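Chains as they are written, first to last, in this note's numbering: chain A, 659 to 771; chain B, 5 to 117.
Everything on this sheet refers to the single structure shown next.
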């Protein structure tokens, strides 16, 4: 079965600095990888996905993610963090022809002014 | 455009009482539907998913059940709630294959007292 791991419970960065939120995955075959963001008491919002092709994927709100097959990683990045980026971020994976999506435990990002 | 509705937004129920949470999707046909539970603002646990009317896959053998009486309606139920059923319940939909993201509702916060 597929799974993802987010090794950091909490990431703190200063506004204007680059941010990285880490994710590693495990899946049989080629993965479909996703990042979501959650604000307090709300559902998850889709940010971006990797299917195939270019290893650098661009998404909403200036976020991007880098797929690395050899390291089985899919780290979320942003060149310049905003205070409004503070939220809970989830990595998720689906295997080919799988209907269920598995989520990591989440990483709480705090951007300080 | 597609929308997803979940209700109620919050619910306080005594132990041993029944539960019914409803989710409906508009603007799409034959979606895959999902119920997730999020405990303590952290990771998501897949409870049920459905690929069609009357087709339910259960991931967690607990005192919860799900039904899909109509194409775009997904219901989460329990006959007798436990304290451990407290959490944030999220409904989601997707269409297409494994490369399609999930789209989440705003969730129901259930407190069992």
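Glycine residues also receive a C-beta, built at the ideal position from the N, C-alpha and C atoms.
Since this is a predicted model, take the numbers as computed values, not measurements.
C-beta atoms of residue i and residue j nearer than 7 Å
i	j	result
residue 71 (chain B)	residue 24 (chain B)	no
residue 705 (chain A)	residue 715 (chain A)	no
residue 685 (chain A)	residue 751 (chain A)	yes
residue 753 (chain A)	residue 660 (chain A)	yes
residue 732 (chain A)	residue 713 (chain A)	no
residue 114 (chain B)	residue 48 (chain B)	no
residue 6 (chain B)	residue 112 (chain B)	no
residue 40 (chain B)	residue 94 (chain B)	yes
residue 12 (chain B)	residue 692 (chain A)	no
residue 763 (chain A)	residue 46 (chain B)	yes
Through-space distance from residue j to residue i, alpha-carbon basis
i	j	result
residue 63 (chain B)	residue 38 (chain B)	11 Å
residue 116 (chain B)	residue 98 (chain B)	30 Å
residue 772 (chain A)	residue 60 (chain B)	In the structure displayed, chain A extends from 659 to 771; residue 772 (chain A) sits before or after that span and is not available.
residue 771 (chain A)	residue 85 (chain B)	43 Å
residue 768 (chain A)	residue 96 (chain B)	26 Å
residue 688 (chain A)	residue 739 (chain A)	31 Å
residue 679 (chain A)	residue 728 (chain A)	18 Å
residue 676 (chain A)	residue 743 (chain A)	12 Å
residue 57 (chain B)	residue 73 (chain B)	6 Å
residue 88 (chain B)	residue 21 (chain B)	13 Å
residue 709 (chain A)	residue 717 (chain A)	13 Å
residue 682 (chain A)	residue 665 (chain A)	8 Å
residue 26 (chain B)	residue 75 (chain B)	13 Å
residue 83 (chain B)	residue 741 (chain A)	44 Å
residue 19 (chain B)	residue 698 (chain A)	26 Å
8 Å contact criterion, which residue i and residue j should meet: CB distance rounded
i	j	result
residue 17 (chain B)	residue 92 (chain B)	Not a contact, Cβ separation roughly 14 Å.
residue 690 (chain A)	residue 702 (chain A)	Not a contact, Cβ separation roughly 16 Å.
residue 749 (chain A)	residue 671 (chain A)	In fact, because the Cβ distance is near 18 Å, the residues do not count as touching under 8 Å.
residue 77 (chain B)	residue 28 (chain B)	5 Å
residue 696 (chain A)	residue 746 (chain A)	4 Å
residue 51 (chain B)	residue 68 (chain B)	6 Å
residue 102 (chain B)	residue 8 (chain B)	Contact flag wrong, Cβ pair sits at about 20 Å.
residue 765 (chain A)	residue 667 (chain A)	7 Å
Extent of the continuous beta strand (DSSP E) run through residue i
i	result
residue 726 (chain A)	722-726
residue 10 (chain B)	7-11
residue 716 (chain A)	714-716
residue 763 (chain A)	Per DSSP, residue 763 (chain A) belongs to no beta strand (DSSP E) and is neither H nor E.
residue 105 (chain B)	Run containing residue 105 (chain B): none; DSSP gives neither H nor E here.
residue 689 (chain A)	689-696
residue 24 (chain B)	23-30
residue 670 (chain A)	668-672
residue 42 (chain B)	36-42
residue 91 (chain B)	91-98
residue 745 (chain A)	745-753
Residue i, buried or exposed, once every other Cβ within 10 Å from all chains shown has been counted against 16
i	result
residue 36 (chain B)	buried
residue 736 (chain A)	buried
residue 107 (chain B)	buried
residue 44 (chain B)	exposed
residue 31 (chain B)	exposed
residue 674 (chain A)	exposed
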